[in-house]
Structure formats: structure tokens, C-alpha cells
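5 is the number of the first residue of the sequence shown in my numbering; add one for each residue after it.
Glycine included, each C-beta is placed from N, C-alpha and C at the ideal position.
Below you'll find the structure, written out as C-alpha cells, and then a few comments.
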Amino acid sequence: MDTAKESLRSLRHCSTRRDNKGFSRGRIPLEYLVEMHERSVAKNLLDIVLHNANKDGKKYKIKTINIVIGQFTMINEDLLVDSFYQLSQSTLAENATINITHSPLEGRCQDCQRKFKIDKNVFQCPFCNSHNIQIVSGDELFVQDIELLC
Ligand SMILES: [Zn+2]
């Protein structure tokens, strides 16, 4: 069994935009919104891996999908994986194993320019106590690579 690794472009995770088309005016249940969000991320993931499931001009079944999820994405991983399995039925990604790596939440102080890990969501520079922090890692979600079943 031979496997091929494909480098994939990154998918920036958008945590604020929500598509509420199809709803009449009024309240949308939060649970539904959250579920819809994970589902749309799963759909994006599926599109990306299916787009990359080819080698030598042929399409192959996908064996493994390695994704990186930042600690700060607030994504419900169980929901994401469930949605992915549902959406990928009868596609080349059906029954693929999904491995998730977590990237730590890191910030850079805009005052002293030092980089550090952010623990327990304390957004303060440990060197100069500034609150002027830019997040440099931990808010991303992307496909690292996939393994094809050849
Ligand atoms: Zn600082």
C-alpha cells in the first residue's frame, strides 16, 4: 500500500460571520447557529480534501486527514467530525480517519514585541504587563495534509 501526501492551502477559520439566509426575521436558536457553523467548516474541509484527492491525474480514496485546530477557535470538534462523516458519505473521503492537532494560543506584545504563550485566556504580556496583545497563533483551522489510499 502506497500513500501520497499532498500539501494543502490553509483555510482561515472565521469565527464571527454567520450565514443566516433562509431564516425569517427574528431569533435563531443558538444551538442551530453553532451546529450550522461546524457544518459549514466541515463542508469547507470536505471541499478542500476532495479537491486534493488526486495523484497522477487519477482520483484516490482518502485514508487520513490531518487538520490543525487552534485552541482559540472555540470549535466543537465532535460536532465538526460528526458533520464531516455525514457530509463525506459516498465521496472519496468516506471513512477517512481525521487526526486533529491543536495549536497553542500565542500572542505578541505590541509594546515590547515579545512572543509568548497565552495561558488561561489571560491577555496580558508576562514581560511588561501590557494588554496590547496581538494573537499570532491559536485562531487558525487548516488541513495540514492528507494520505491517499493508493
Ligand atoms: Zn510586553
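Distance between beta carbons of residue j and residue i, contact taken as under 8 Å
i   : j   : result
T95 : L50 : 7 Å
V45 : I79 : 7 Å
Any non-hydrogen atom of ligand 2 closer than 8 Å to residue i Cβ
i    : result
D123 : Inclusion of ligand 2 in the displayed structure is not the case, the ligand content consisting of ligand 1 alone.
Of the listed residues the options, nearest to residue i (C-alpha basis)
i    : options                  : result
F76  : P108, A46 and K63        : P108
I73  : R112, K65, C154 and V147 : V147
N99  : H41, E144, L153 and N133 : L153
R112 : I137, K47, F88 and Y64   : I137
T106 : D149, L145, K47 and S92  : Contrary to the premise, residue 106 reads as His rather than Thr in this sequence. The residue with the shortest Cα to Cα distance from H106 is L145.
V85  : K59, G142, K47 and H55   : K47
Q114 : V140, H55, L91 and K59   : V140
H1   : E81, S87 and S92         : An answer regarding residue 1 cannot be provided, because it is not within the stretch 5 to 154 covered by the chain.
Beta-carbon contacts of residue i that lie in its chain and below 8 Å, excluding the five residues immediately before and after
i    : result
N103 : T68, I69, N70 and I71
C116 : C129, F131, C132 and S134
E81  : I73 and I104
Buried versus exposed, by CB contacts within 10 Å (16 or more), residue i
i   : result
H41 : buried
G61 : exposed
F27 : Annotation note: pLDDT 40 at F27 (below 50); position unreliable, coordinate value reported separately. Its Cβ having fewer than 16 others within 10 Å, F27 is exposed.
R29 : Its pLDDT being 46, under 50, R29 is placed unreliably in this model, and the value from its coordinates should be taken loosely. The residue in question, R29, is exposed, as its Cβ has fewer than 16 Cβ neighbours within 10 Å.
Own chain, CB closer than 6 Å to residue i, minus 5 neighbours either side, in chain order
i    : result
R118 : F131
K121 : P108 and E110
T101 : T68
S87  : E42, R43 and A46
Nonlocal neighbours in the same chain, by C-beta distance under 7 Å from residue i, ignoring five residues either side
i    : result
K63  : A57 and L96
V53  : I66, I69, A97, V147 and I150
D143 : H17, G74, F76 and T77
* Going along the chain, which residues put their C-beta within less than 6 Å of some heavy atom in ligand 1? -> In chain order, the hits are C113, D115, C116, R118, C129, F131, C132 and S134.
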